[in-house]
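Input: a single structure, listed below in structure tokens.
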Amino acid sequence: MSSSLFILAALASASYAQSTAPFAASTTTSIPFPSATLANSDTQTFIQSNWGISKGTIQNGANNTAFVSDPFPNDPAPRVSSNTSGPVLEVTYPAGSFSDDNSGGTQFYNLWNASGDPFESMMLSYEVAFDENFDWNKGGKLPGLRGGAPNGCSGGNQADGASCFSTRMMWRKNGAGEIYAYIPRDNDICDASGVMCNDEFGASIGRGDFSFASGQWNKVSLAIQLNNPVDTANGRAQVYYNDLLLIDRSDLVFRTNDNLTAQGMYFSTFFGGNDESWAPDSDTHTYFRNIQLWAGTSPSNATGAKISNAAAARKASGSALPWSWLWLACAALGALMF
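Using our numbering, read the sequence shown as starting at 5 and increasing by one per residue.
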């Protein structure tokens with residue numbers, strides 16, 4: 005493995021407290037949950053007050069959230085020891101809903117990187133459950149990681165290598181899992197094995213390398229490590245499903261400008277897709293618990309192919325204020341507005 009973060013692969017069956025210990029100046033946090041169930045309005049208040057989200061408000065789908073009793077208390081994720089008790093976050097997808105702005109699911113950006121530390125590697129871990137007999141249809145988004153500004157790098161707005169990137173999880177037909185990424189495509193990544201690209205939307209990485217199960221808990225962990233130098237396609241992405249390493253890539257470009265760093269959790273979940281063919285036929289739900297984040301300051305040092313436009317982007321950036329500080333300034337201003 006190329007750095008301490010990715011020693012995780014050799015320790016996939018160990019606890020994450022142990023497997024993340026090799027982080028240089030390791031940073032970790034757990035997302036707080038309430039001690040009792042909460043109705044929707046109180047759930048919104050709790051998330052907006054305790055989860056450190058952009059502008060202090062849920063971007064979309066605030067009315068689709070509630071903290072409820074665990075619907076599957078006796079169905080833990082296979083091979084995962086869970087001591088969880090207490091409420092879980094329920095997300096509702098109404099019948100006929102699709103895309104992040106069509107009244108289904110929810111979306112917000114967690115600004116964990118509020119200290120301004122230049123996080124070059126980050127891991128998000130959570131457990132997710134789907135209703136019994138969940139209607140997978142054509143697919144939908146699940147939470148992942150994000151860097152840079154809160155807008156762009158989703159919904160067909162492509163990554164330019166300097167302003168943002170996003171890596172979400174996604175389910176497809178029959179629960180097939182994947183990484184769904186808005187990242188630069190300067191290194192011909194779309195021609196690589198295990199990658200499928202859509203000219204208008206994101207890139208599918210590792211589709212079908214694992215599958216989510218309905219009616220029980222699934223544990224998923226997404227780890228990324230940014231490419232370095234920025235003219236090298238050596239960015240890393242790994243997915244652990246129920247603590248087994250099932251997606252592992254080291255040929256990605258997350259950025260072409262080294263002012264762009266990892267910022268936090270992109271809690272983005274909805275059916276779609278951008279048309280009604282993706283929508284569920286009836287109201288359905290997912291549930292989330294045990295949400296944790298880890299981060300480090302070491303970028304990838306793996307070997308990788310050189311890309312052409314990164315050096316120019318880096319030179320053009322000059323001594324511009326780093327993205328992390330620009331973003332913090334915008335976040336602070338937004339907090340005053342909401």
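For glycine and all other residues, C-beta sits at the position ideal for the given N, C-alpha and C.
Check, Outcome
"Tell me which residue opens and which closes the beta strand (DSSP E) that serine 34 is part of.", "31-34"
"Whole angstroms is fine: what's the gap from serine 208's alpha carbon to alanine 306's?", "22 Å"
"Determine the contact status of glycine 56 and leucine 115, defining contact as a CB-CB distance below 7 Å.", "yes"
"Buried or exposed: asparagine 222, going by 16 or more other Cβ atoms within 10 Å of its Cβ?", "buried"
"What does DSSP give as the partner residue(s) for aspartate 252 in the beta ladder?", "Gln242"
"Can you list, in chain order, the stretches of the beta strand (DSSP E) that have 3 or more residues and sit fully within the region 58-112?", "69-72 and 92-97"
"With a Cβ-Cβ cutoff of 7 Å, do serine 58 and proline 147 count as a contact?", "no"
"From proline 38 to glycine 277, what distance separates their C-alpha atoms?", "32 Å"
"For serine 17, I'd like the list of residues in its chain whose CB is within less than 6 Å of its CB, leaving aside the five on either flank, ordered along the chain.", "Unreliable placement is indicated for serine 17, whose pLDDT of 37 sits below 50; the coordinate value is still reported in the next sentence. Closer than 6 Å at Cβ, skipping near neighbours: Asp247."
"Report yes or no: do three or more beta-carbon pairs, one from the region 257-272 and one from the region 164-174, lie closer than 8 Å?", "yes"
"Spell out the partners DSSP gives glutamate 131 in its beta bridges.", "Lys223 and Arg293"
"In the DSSP assignment, find the alpha helix (DSSP H) that holds serine 45 and state where it starts and stops.", "44-54"
"If we ignore side chains and look at the alpha-carbon of each, how far apart do alanine 133 and arginine 211 end up?", "19 Å"
"Which word fits asparagine 238, buried or exposed, when buried means at least 16 other C-beta atoms lie within 10 angstroms of its C-beta?", "buried"
"By how many angstroms is the C-alpha of asparagine 178 removed from the C-alpha of isoleucine 251?", "18 Å"
"Measuring only the C-alpha atoms, how far is serine 312 from isoleucine 228?", "22 Å"
"Buried or exposed, going by whether 16 or more other CB atoms sit within 10 Å of the CB of proline 284?", "buried"
"Look up glutamate 4 in the DSSP assignment and give the residues it is bridged to.", "Residue 4 lies beyond the stretch modelled for the chain, which goes from 5 to 342, so this question has no answer here."
"In the DSSP assignment, find the beta strand (DSSP E) that holds leucine 264 and state where it starts and stops.", "Careful: leucine 264 lies outside any beta strand (DSSP E) and carries neither H nor E."
"Among the residues of its own chain, which have a CB less than 6 Å from the CB of glutamine 63, if the five just before and after it don't count?", "Gln111 and Phe112"
"Evaluate contact between the region 93-108 and the region 185-200, counting only Cβ atoms and requiring at least three cross-stretch pairs below 8 Å.", "no"
"Where does serine 208 fall in DSSP's three states?", "strand"
"Am I right that glutamine 304 and asparagine 232 are in contact with their C-beta atoms under 8 Å? What's the rounded C-beta distance?", "Per the sequence shown, residue 304 should be read as serine rather than glutamine. The pair is a contact, with the Cβ atoms about 6 Å apart (cut-off 8 Å)."
"Can the beta-carbon of glutamate 136 be found closer than 7 Å to that of glycine 219?", "yes"
"For tryptophan 298, does the three-state DSSP call read helix, strand or coil?", "strand"
"Could you pull the DSSP bridge partners for serine 125 from this structure?", "Gln229 and Gly300"
"Along the chain, where does the beta strand (DSSP E) containing glycine 151 start, and where does it finish?", "143-152"
"Helix, strand or coil for lysine 319, going by three-state DSSP, please let me know.", "With a pLDDT of 39 at lysine 319, under the threshold of 50, the predicted position of this residue should be treated as unreliable, though the coordinate-derived value follows. In this structure, lysine 319 counts as helix in the three-state DSSP scheme."
"In angstroms, rounded to a whole number, what distance separates the CA positions of proline 91 and phenylalanine 205?", "35 Å"
"Comparing alpha-carbon positions, which option in Ser286, Leu249, His289 and Ala241 lies nearest alanine 266?", "Ala241"
"Valine 199 lies in the beta strand (DSSP E); which residues open and close that run?", "199-201"
"Measure the Cβ-Cβ separation of serine 73 and threonine 41 and say whether it is below 7 Å.", "yes"
"List the residues that DSSP assigns as beta-bridge partners of serine 161.", "Note that residue 161 is asparagine in the sequence shown here, rather than serine. Per DSSP, Ser158."
"Figure out for me which residue from Val243, Pro75 and Gly300 has the closest Cα to the Cα of methionine 174.", "Val243"
"With DSSP collapsed to three states, give me the class of tryptophan 331.", "Note on tryptophan 331: pLDDT 39, under 50, position unreliable in the model; the coordinate value appears next. Helix, per DSSP."
"How should threonine 343 be labelled, buried or exposed, when 16 other C-beta atoms within 10 angstroms of its C-beta is the threshold for buried?", "Outside the shown range of the chain, which is 5 to 342, sits residue 343, and nothing can be said about it."
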